Structure formats: structure tokens, C-alpha cells
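Taking it in order: structure first as C-alpha cells, then the write-up.
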Amino acid sequence: MHLSACKISCLTVAASLALWMQAGFAAREEHIFEVSVTIPTPDFYILPVESQFLERTQIMKWNLARGYLEPLQASFDVRSRSGAITARLGHESMLSNGRDLISLRVKFNGHELALTDTVVVPDNEAKTGYRVPLRIEAIKPETGFKPGAYFGSVQIMFDGPTPSAAQ
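In mature numbering (1 follows the signal peptide of the UniProt record, and there is no 0), the protein residues as written are -26 to -1, 1 to 141.
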């Protein structure tokens, strides 16, 4: 009798220990991610329609059949209550594989951008707000496109008149 009570007691302790150990090693998953928001002023903004456009790498697709890079295209909502919007490139836009270069043609609202200011949204359209296209095209090098993995960046700087200057 005494032996069987001891066995029950040992089994109870073993079962309790097993449950305690299982709880200590329970599966757990945790995710941490960043959240941000940009709330534009109603007086001046240039925002991509697709909110993730500026946050991820854009891939120019190679058209194997035609032997060229497909252009990148996006739409932007723009507004400047104080007048026309100008834009310029922050640097020459190009792709590089470390050896070869591919120049890029950047157009905003149909206007080709350079290192100097260009009016891209005229006064009357800027004041009411407008949706405009961005188009980035690869310029075929004289020697043709060479194989490789190319990377680069495009920096566009936008300006509008200050509210006090427009009045």
C-alpha cells in the first residue's frame, strides 16, 4: 500500500514538473515594426499616389524581346497654393554596375528634369491641386546595354514660392 502511494506521489510530482517545464518553453512570437505618417500641409505637397513608392527600391524591368529597360512610371498628387512648382535633379541620375553606366532621363509632368530648376506644374494647376506623372527612362548607351546588376538613385528637389512671396 505504502509503495503505491509513493508511486502516485512521484507520478504527481513528475506530471507537475512536466507541465511547468512545458509552460516555460511555450512557443512565442513577437513582431516589432515601425509606424510613421506624414501629414502634408494643405498649402504645399508632392506625394506619390502609391504610398510605398518612395520607401522601396524600384526595379526597371529588362524587356528581353526588345532589348531595353522598361521605364518606371508613377503618379504624384501635387499642390502649391502660392504658385507654380519647380523641380530639379539633386545629381545626375544614372545606374552603375561598378564598371558601366546607364544614364536616366527623368520627366515629371512631361518636363525633363536637369540640375537647374524647371517649372513642372504651372501656377493655375498647382493652386487647385493636380495629379501628374513621373517617368524615368534608361538612355541606351552608345555601346549598348551591357550585362550586369546595376544600382543607382534619383533625387528630385521640388520648390514653390513662399506664401508671403506669392501674395
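The C-beta atom is built at its ideal place from N, Cα and C for all residues, glycine as well. Just so you know, these numbers come straight off a predicted model, no measurement behind them.
query, result
"Beta-carbon separation (whole angstroms), Leu63 vs Ala100, contact threshold 8 Å", "Contact doesn't hold; Cβ gap of about 20 Å is too wide."
"Simplified DSSP state of Thr102, which is helix, strand or coil", "helix"
"Per DSSP, the bridge partner or partners of Glu86", "Lys81"
"Same chain, Cβ closer than 8 Å to Pro135, neighbours up to 5 away in sequence not counted", "Ser54, Ser56, Gly57 and Ala58"
"Environment of Ile76 [buried if 16+ CB atoms lie within 10 Å]", "buried"
"Rounded Cβ spacing between Lys120 and Asp51 (contact assumed at less than 8 Å)", "About 37 Å; that fails the 8 Å criterion."
"Nearest-angstrom beta carbon gap, Ile110 and Val128 [assumed within contact, 8 Å]", "6 Å"
"Whole beta strand (DSSP E) elements within the region 41 to 70, 3-residue minimum", "46 to 54, 59 to 63 and 68 to 70"
"Beta-bridge pairing of Leu38 - partner residues as DSSP gives them", "Per DSSP, none; premise fails for Leu38."
"Backbone secondary structure at Asp17 - three-state DSSP", "coil"
"Same chain, Cβ closer than 6 Å to residue 142, five either side skipped, listed in chain order", "Summary: the structure shown does not reach residue 142, with the chain confined to residues -26 through 141, and so no result is reported for it."
"Glu111 (DSSP reduced to helix, strand or coil)", "strand"
"Spatial distance of Arg30 from Glu86 (CA atoms)", "23 Å"
"Assigned exposure category for residue 148 - 16 Cβ within 10 Å defines buried", "This structure leaves residue 148 out entirely; the chain is present only between -26 and 141."
"Status (buried if at least 16 other CB within 10 Å, exposed otherwise) for Ile33", "exposed"
"Terminal residues of the beta strand (DSSP E) in which Thr92 lies", "Thr92 to Val95"
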